[in-house]
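Below is one structure, written out as structure tokens, with a few remarks after it.
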Amino acid sequence: KTRSYDWRVTQLKNMLRMMDEREAEIIAALRDDLSKHEFESCIYEIAMLKNSCKFALKELKHWMLPEKAKTPLTSFPSSAEIVSEPLGVVLIISAWNYPFLLSLDPVVGAIAAGNAVVLKPSEIAPVTSSLLFKLVGEYLDRSSIRVIEGTVPETTALLEQKWDCPVVVDSDTNLQVTAKRIIVGKWGCNSGQTCVAPDYIITTKDYASKLVDALKHDLEQFYGKNPLESEYMSRVVNSNHFSRLTRLLDEDKVSGKIVHGGERDEKTLKIAPTILLDVPRDSLIVNEEIFGPLLPIVIVDKVEDSLDFINSSGGKPLAAYLFTNNKKLKEQFVATVSAGGLVVNDIALHLAVHTLPFGGVGESGMGSYHGKFSFDAFSHKKAVLYRSFAGEAPLRYPPYSKGKLRLMKAIFAGSIFGIISALLGWSKA
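Going by the UniProt record's numbering, the first residue of the sequence shown is number 1, and it counts up by one from there.
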């Protein structure tokens, strides 16, 4: 039954209704788990999921249609198509940093593709996990879509991909806009606990102080003189991650590089937005994924060196960002930096564009989803070839001859001249 268009549409509409009717509970759960502000929860979790549902509902009929495929001369007369069929039962294990969105956004793609779904929310966000268990059972088809909860013993090794998301800032940029967009992309989205949040900035020595001053000014405007008390700052998810971030900040070669922030409160698990200037390239904070409110700045001699720095960092980023007005530098950035996604003059906004795939490359991940790419990720692309009984040619059947071989070679080569020559040569044989 999950294959039918009606079933898929019903589940997606019910998911939309669930968000409309239970928004307050969702916001409360996210606040309990991560101290997320209502604005952040509504925009970055609920609204983005609603848009994903609406886009799938709008495009679903088109996505389900067989795709016509061209056929070669070797199969003439024939027609071909690619049919999208469900994979079957899919398991989705979600992350904790956006526990509502990252649980259900893949489910949208799985439902759109006609699959049955088993969802395992993250135990690190337990309140949201329990709420998902309740809501999915109430609003979606329980015979085909299930939520399972549970925890695993914590170990020192984490089963997750490592990625770094660099930001290159050129001197030829709009500094005021650049600073604001970096801040909201880093600290305004779950205090840096976002897979596509900036991990470090690369800029030139001459421009670094101007950039730091602009960031300091806007951080105070956004979060006040004591950001640990700001209601707009999310907390670090748990004490283990707090300790990990503290270790990065307290490394001997790094602790003296703090030019803004650094305050922390272990009781509330909050760390102030922290900027570190001219951080050594061999420091832990540059070489480990941060996933928190710390932002080091790496200095290069000229901005073009930043591209070499990214490409020599040992892995391909999940996302990379560039702020510049320089057309040549934009082209160079796109041509030379290999990453899951690139954004010029903003941070993370590509996630909101349903016509773009979201995913990593190399160490930053495999595959992609969002929009049609989610539908494709949860579909098997079945090849179908239709042949006619007409136009039967004896070439493929024994007994074989040199004339048949010449003609078949010409057909596979797609050479009209060769086909004519082979036919003439064969007819004279």
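Glycine included, each C-beta is placed from N, C-alpha and C at the ideal position. Every value quoted in this text rests on a predicted model; they were computed, and no experiment measured them.
- Task: Measure the CB-CB distance between Leu356 and Gly367 and report whether it falls below 9 angstroms.
- Result: Annotated as distal: Leu356 and Gly367, with beta-carbon spacing of 9 angstroms or more.
- Take every Cβ of the segment 201-209, pair it with every Cβ of the segment 343-359, and state whether three or more of those distances are shorter than 8 angstroms. no
- Message: So within the UniProt domain "Aldehyde dehydrogenase" (8-159), which uninterrupted beta strand (DSSP E) runs reach at least 3 residues, ignoring any that extend past its ends?
- Response: If only uninterrupted beta strand (DSSP E) runs of at least 3 residues are considered, those enclosed by the UniProt domain "Aldehyde dehydrogenase" (8-159) are 67-69, 78-86, 89-93, 116-120 and 145-147.
- Message: Measuring straight from C-alpha to C-alpha, what distance separates Ile411 and Ser78?
- Response: 15 angstroms
- Identity of the residue in Thr194, Lys270 and Leu16 nearest Tyr44 by Cα: Thr194
- Can you check DSSP and say which residues form a bridge with Leu329? For Leu329, which the question treats as bridged, DSSP gives no partner whatsoever.
- Message: Cutting at 8 angstroms between CB atoms, please list the residues of its own chain near Asn51, excluding the five before and the five after it.
- Response: Ala352 and His354
- In whole angstroms, what is the alpha-carbon distance linking Leu34 and Glu229? 15 angstroms
- From the DSSP output, in three-state form, read off Lys225 for me. coil
- Whether Val108 touches Leu49 by CB criterion (9 angstroms): yes
- Are the segment 376-384 and the segment 93-113 in contact at 8 angstroms, needing three or more beta carbon pairs? yes
- Helix or strand or just coil, what does DSSP make of Lys402? It is helical.
- Query: Which term fits Ile275, buried or exposed, when burial requires 16 or more other beta carbons within 10 angstroms of its beta carbon?
  - Reply: buried
- Going by other Cβ atoms of all chains shown within 10 Å of its Cβ, with 16 needed for buried, is Phe39 buried or exposed? exposed
- Query: Start and end of the beta strand (DSSP E) containing Val300?
  - Reply: Leu294 to Val300
- Query: Which residues bound the beta strand (DSSP E) around Arg247?
  - Reply: No beta strand (DSSP E) contains Arg247, which is instead part of the alpha helix (DSSP H) from Ser239 to Asp250.
- Query: Is the number of C-beta pairs between the segment 286-297 and the segment 247-263 that are closer than 8 angstroms three or more?
  - Reply: yes
- Local conformation of Gly425 per DSSP, three classes: Three-state result, Gly425: helix.
- In three-state terms, what does DSSP make of Leu215? helix
- Query: Just how far apart, CA to CA, sit Ala179 and Ala214?
  - Reply: 6 angstroms
- Candidates Gly315, Lys330 and Gly314, of which the one nearest Val303 by Cα: Lys330
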